[in-house]
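Asks: As given, the protein sequences belong to chains A and B, one line each in that order.
Going by the UniProt record's numbering, the first residue of the first sequence is number 1, and it counts up by one from there.
Going by the UniProt record's numbering, the first residue of the second sequence is number 1, and it counts up by one from there.
For every residue, glycine included, the Cβ atom is placed at its ideal position computed from N, Cα and C.
Structure in structure tokens, see below.
Protein chains: 2
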Amino acid sequence: MIRISVDVMGGDYGPEVTIEGAAVAQKHLPNVHFLFYGIEEVVKPILKKYPHLVAASQFYNTESYTRMDEKPSQALRIGRGKSSMWHAIEAVKNGEADACVSAGNTGALMAMSHFCLKMMAESNRPGIAGIWPTLRGESIVLDIGATIGASADQLVDLAVMGAGMFRTLYNVEKPSVGLLNVGVEEVKGLDEIKKAGIILREVQLEGLEYKGFIEGNDIGKGVVDVVVTEGFSGNIALKVAEGTARQIAGLLNIVMRRSIFSRLGYVLSRGAFRQLKQKIDPDRINGGVLLGLNGIVIKSHGGVNAGGFASAIRIGYEMVNNELLKKIVEDLRHFHENKMTF
Amino acid sequence: MIRISVDVMGGDYGPEVTIEGAAVAQKHLPNVHFLFYGIEEVVKPILKKYPHLVAASQFYNTESYTRMDEKPSQALRIGRGKSSMWHAIEAVKNGEADACVSAGNTGALMAMSHFCLKMMAESNRPGIAGIWPTLRGESIVLDIGATIGASADQLVDLAVMGAGMFRTLYNVEKPSVGLLNVGVEEVKGLDEIKKAGIILREVQLEGLEYKGFIEGNDIGKGVVDVVVTEGFSGNIALKVAEGTARQIAGLLNIVMRRSIFSRLGYVLSRGAFRQLKQKIDPDRINGGVLLGLNGIVIKSHGGVNAGGFASAIRIGYEMVNNELLKKIVEDLRHFHENKMTF
Numbered sequence: 001m002i003r004i005s006v007d008v009m010g011g012d013y014g015p016e017v018t019i020e021g022a023a024v025a026q027k028h029l030p031n032v033h034f035l036f037y038g039i040e041e042v043v044k045p046i047l048k049k050y051p052h053l054v055a056a057s058q059f060y061n062t063e064s065y066t067r068m069d070e071k072p073s074q075a076l077r078i079g080r081g082k083s084s085m086w087h088a089i090e091a092v093k094n095g096e097a098d099a100c101v102s103a104g105n106t107g108a109l110m111a112m113s114h115f116c117l118k119m120m121a122e123s124n125r126p127g128i129a130g131i132w133p134t135l136r137g138e139s140i141v142l143d144i145g146a147t148i149g150a151s152a153d154q155l156v157d158l159a160v161m162g163a164g165m166f167r168t169l170y171n172v173e174k175p176s177v178g179l180l181n182v183g184v185e186e187v188k189g190l191d192e193i194k195k196a197g198i199i200l201r202e203v204q205l206e207g208l209e210y211k212g213f214i215e216g217n218d219i220g221k222g223v224v225d226v227v228v229t230e231g232f233s234g235n236i237a238l239k240v241a242e243g244t245a246r247q248i249a250g251l252l253n254i255v256m257r258r259s260i261f262s263r264l265g266y267v268l269s270r271g272a273f274r275q276l277k278q279k280i281d282p283d284r285i286n287g288g289v290l291l292g293l294n295g296i297v298i299k300s301h302g303g304v305n306a307g308g309f310a311s312a313i314r315i316g317y318e319m320v321n322n323e324l325l326k327k328i329v330e331d332l333r334h335f336h337e338n339k340m341t342f
Numbered sequence: 001m002i003r004i005s006v007d008v009m010g011g012d013y014g015p016e017v018t019i020e021g022a023a024v025a026q027k028h029l030p031n032v033h034f035l036f037y038g039i040e041e042v043v044k045p046i047l048k049k050y051p052h053l054v055a056a057s058q059f060y061n062t063e064s065y066t067r068m069d070e071k072p073s074q075a076l077r078i079g080r081g082k083s084s085m086w087h088a089i090e091a092v093k094n095g096e097a098d099a100c101v102s103a104g105n106t107g108a109l110m111a112m113s114h115f116c117l118k119m120m121a122e123s124n125r126p127g128i129a130g131i132w133p134t135l136r137g138e139s140i141v142l143d144i145g146a147t148i149g150a151s152a153d154q155l156v157d158l159a160v161m162g163a164g165m166f167r168t169l170y171n172v173e174k175p176s177v178g179l180l181n182v183g184v185e186e187v188k189g190l191d192e193i194k195k196a197g198i199i200l201r202e203v204q205l206e207g208l209e210y211k212g213f214i215e216g217n218d219i220g221k222g223v224v225d226v227v228v229t230e231g232f233s234g235n236i237a238l239k240v241a242e243g244t245a246r247q248i249a250g251l252l253n254i255v256m257r258r259s260i261f262s263r264l265g266y267v268l269s270r271g272a273f274r275q276l277k278q279k280i281d282p283d284r285i286n287g288g289v290l291l292g293l294n295g296i297v298i299k300s301h302g303g304v305n306a307g308g309f310a311s312a313i314r315i316g317y318e319m320v321n322n323e324l325l326k327k328i329v330e331d332l333r334h335f336h337e338n339k340m341t342f
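What follows is the structure, given as structure tokens:
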């Protein structure tokens, strides 16, 4: 059995979406069990609509929940020991759950997870890893918003963790890794990125293949399996890609309605558009994974729909199933040992 | 007459594209005159193919040209007084040209322009401003790659310059301005961005309306006319948007060929697709404008086609026509005077 704790109150739409998302996930994941944390009077009427889910879950009433606009420090101070987010994370710490999923306030989730689960001894940088649809399949991009700025060593830690995650999810022995920069030439970009490039090139890591710098437009081409960057530019990149996808979908919608021919064309091409939407829909693939902590915490997009929340749950499920944490710890240890002798 | 100096050798494809681009631009711009700088034996055979262009231009043979992979400092050292890029910029300095256009190495163009034209006394930050197609029309995003990092004051300078450019190109009295950040809440993001937000809120500038922080996905929605950010994240944002647009176009192409229905649908919808392509084609709208210098320099994308290079020329032309520089100087002066009394 794989046990997922859910901060039911998180996200822009709260339990309406998170509970439905859990119900969607339940259909596809064998042996999943949920621990739901939230405000009873809000959650229970919604939960009742899904009897199968009630049978495969436990509901825990919590005193409060963390608002989307709370500062991380404030959320931790007032939510500690009380909020649905806190309890969902604590369930992982206490060994009651194998992974936690929340669509709540990213900063608060990061702060609480950091405080409650603590950093892995082997890592010196937490990061949020996102799954990015590309022309060649999917890539992992990290950090997409856990922390602003990163030293060279921290970027290398992100590379090692991201490669471990890619290996676990996609069964690729030696994922390719690129550092996001403003040019592919070795002379360009921030000093810490250049230094991280030198470390990755010199310390030949067994678990990944370093490919050098990549630029923003290379992510969507899928030129590498793992894209490494610090949290500010990673977050900008992620949101720009989402925004561009929505913008093009919106424009397509407008131009296809303009003439009788294009309307007919649209009807004939509906299957193709559906396939396209599946490939690029930001809601479908949206789970962010908090890496570097002693536990698996999945951050779902705040504005997500039920299908998107279900994807986030599935990612947590697969990580537990594939023993991601154990593998990342091994990889980081291996890297730091290699680094010593370098 | 508006005189444009062109670094004919710049870009991934050199004179084949830049000369054809000038020929395309010439058809649409009344009273344009070109000063072409490049290697005679390469350029002349190509130029000959466009007799109308020969009649409205002057060709200048140069000793060398700046390679796409030269470091900025190296390009300046070996290209100063010699390369086609240098001469095209110098023509603006000497008053022989009103604006310079190059598709060459961005770092080199920035370094040479900075060295040759010098910073405006009124600005303490050079920036490259790009035009970004949105759901509502077009926005200006800056800095998209001139300099990495920016202080709060420098971000405000970028805001003032970007607003001036928007006003000039689109005839909007008080363009709306947003600071690109990882969240819209005032507590989020880098310290310098937060400080810039406070300055923009407190110093009520006449020439712009400050709207607060925006996120990456807001750019494509067109929520503000001018998006302000430092050069690293701005460059990542630009390239991610381009990459995502190309990725979606590629996927659309694949899914539309899959069935006989969608192929027929494609034929019927061709007009709509053409409209979509025109709206999102990164080659069509690609001119980057170097702001903060004593002269107008337009950076065109290195991988641009002739149509894209023609757009870059058109932007330079319109800036001269609308006296952009004079207006920016006035705006910056006005801002710095207001700031004193604050």
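Which of the three DSSP states, helix, strand or coil, is assigned to A:Leu208?
Replies: It is coil, neither helix nor strand.
Asks: Is the number of C-beta pairs between the segment 80 to 89 of chain B and the segment 300 to 313 of chain B that are closer than 8 Å three or more?
Replies: The segment 80 to 89 of chain B vs the segment 300 to 313 of chain B: no contact.
Asks: Go to B:Pro133, then tell me how far its beta strand (DSSP E) extends in each direction, as first and last residue.
Replies: Here the beta strand (DSSP E) through B:Pro133 covers Gly127 to Thr134.
Asks: Fully enclosed by the segment 194 to 261 of chain B, which beta strand (DSSP E) runs are 3 residues long or longer?
Replies: Correct list: 209 to 214 and 226 to 228.
Asks: List, in order along the chain, the chain A residues whose C-beta lies closer than 8 Å to that of B:Leu238?
Replies: Residues of chain A passing the Cβ test: Gly216.
Asks: State the Cα-Cα distance for the pair B:Tyr60 and B:Ile198, rounded to the nearest angstrom.
Replies: Between B:Tyr60 and B:Ile198, the C-alpha separation is close to 49 Å.
Asks: State yes or no: is the beta carbon of A:Met256 nearer than 8 Å to at least one beta carbon in chain B?
Replies: It does: the Cβ of A:Met256 has a partner Cβ on chain B nearer than 8 Å.
Asks: Measure the Cβ-Cβ separation of B:Val156 and B:Leu117 and say whether it is below 8 Å.
Replies: Taking 8 Å as the Cβ cut-off, B:Val156 and B:Leu117 do not qualify as a contacting pair.
Asks: Can you name the residues of chain B whose CB is closer than 8 Å to the CB of A:Glu242?
Replies: Near A:Glu242 (Cβ distances below 8 Å), the residues of chain B are Gly216 and Asn217.
Asks: Give a yes or no on whether the C-beta atoms belonging to B:Thr106 and B:Lys82 are separated by under 8 Å.
Replies: The answer is no: Cβ separation not under 8 Å.
Asks: For A:Gly147, go through chain B and note every residue whose CB falls closer than 8 Å to its CB, in chain order.
Replies: The identity of residue 147 of chain A in the sequence shown is Thr, whereas the question assumes Gly. Ordered by position in chain B, no residue passes the 8 Å Cβ test against A:Thr147, which lies about 11 Å from the chain.
Asks: Look up A:Asn94 in the DSSP assignment and say whether it is helix, strand or coil.
Replies: Three-state result, A:Asn94: coil.
Asks: Closest Cβ-Cβ distance between B:Tyr21 and chain A: below 8 Å?
Replies: The sequence shown places Gly at residue 21 of chain B, not Tyr. It does not: the Cβ of B:Gly21 has no partner Cβ on chain A nearer than 8 Å.
Asks: Let me check understanding here. Comparing Cα to Cα, which of B:His336, B:Phe309, B:Ala23 and B:Val42 lies closest to B:Ala50?
Replies: One point to set straight first is that residue 50 of chain B is Tyr, not Ala, in the sequence displayed. Closest by alpha carbon: B:Ala23.
Asks: Could you compute how far the alpha carbon of A:Gly69 sits from the alpha carbon of B:Glu318?
Replies: Note on identity: in this sequence residue 69 of chain A is Asp, with Gly being the wrong assignment. Roughly 43 Å between the two C-alpha positions.
Asks: Residues of chain B with CB under 9 Å from A:Leu109, in chain order?
Replies: By Cβ distance, chain B contributes nothing, its closest Cβ being about 13 Å from A:Leu109, past 9 Å.
Asks: Counting only C-beta atoms, is B:Phe261 closer than 8 Å to chain A at any point?
Replies: Taking Cβ atoms only, chain A reaches closer than 8 Å to B:Phe261, which makes this a yes.
Asks: Taking Cβ positions only, does A:Gly38 come closer than 8 Å to chain B?
Replies: With 8 Å as the cut-off, A:Gly38 does not count as an interface residue toward chain B.
Asks: With a Cβ-Cβ cutoff of 8 Å, do A:Ser5 and A:Ala97 count as a contact?
Replies: A contact, by the Cβ cut-off of 8 Å.
Asks: Would you check if the distance between the CB atom of A:Ser233 and the CB atom of B:Ser233 is smaller than 8 Å?
Replies: Their beta carbons are under 8 Å apart, which means A:Ser233 touches B:Ser233 by this criterion.
Asks: At the 8 Å Cβ level, is A:Leu325 part of the contact set with chain B, yes or no?
Replies: For A:Leu325, the answer is no, since every Cβ of chain B falls outside 8 Å of its Cβ.
Asks: Could you tell me the alpha carbon to alpha carbon distance between A:Ala310 and B:Leu76, rounded to whole angstroms?
Replies: When rounded, the distance between both Cα atoms is 55 Å.
Asks: Rounded to the nearest angstrom, how far is the Cβ of A:Met165 from that of A:Leu332, given a contact under 8 Å?
Replies: That pair is no contact at about 12 Å.
Asks: Does DSSP classify A:Leu169 as helix, strand or coil?
Replies: In this structure, A:Leu169 counts as helix in the three-state DSSP scheme.
Asks: So, helix, strand or coil for A:Arg67, using DSSP?
Replies: Of the three classes helix, strand and coil, the one that applies to A:Arg67 here is coil, per DSSP.
Asks: Could you tell me which residues DSSP pairs with A:Asp7 in its beta bridges?
Replies: A:Asp7 pairs with A:Tyr37 and A:Ser102.
Asks: Could you check if A:Phe342 is buried or exposed, using at least 16 other CB atoms within 10 Å of its CB as the buried criterion?
Replies: Legend: pLDDT at A:Phe342 = 49, less than 50; position of this residue unreliable, value from coordinates given subsequently. Exposed is the call here.
Asks: Which same chain residues, not among the five before or five after B:Val224, have their C-beta less than 7 Å away from its C-beta?
Replies: Hits under 7 Å: Ser139, Ser176, Val177, Gly178, Lys211 and Ile214.
Asks: Give me the chain B residues within the contact set of residue 407 of chain A, using Cβ-Cβ distance strictly less than 7 Å, ordered along the chain.
Replies: Here chain A comprises residues numbered 1 to 342, so residue 407 of chain A is not present and cannot be evaluated.
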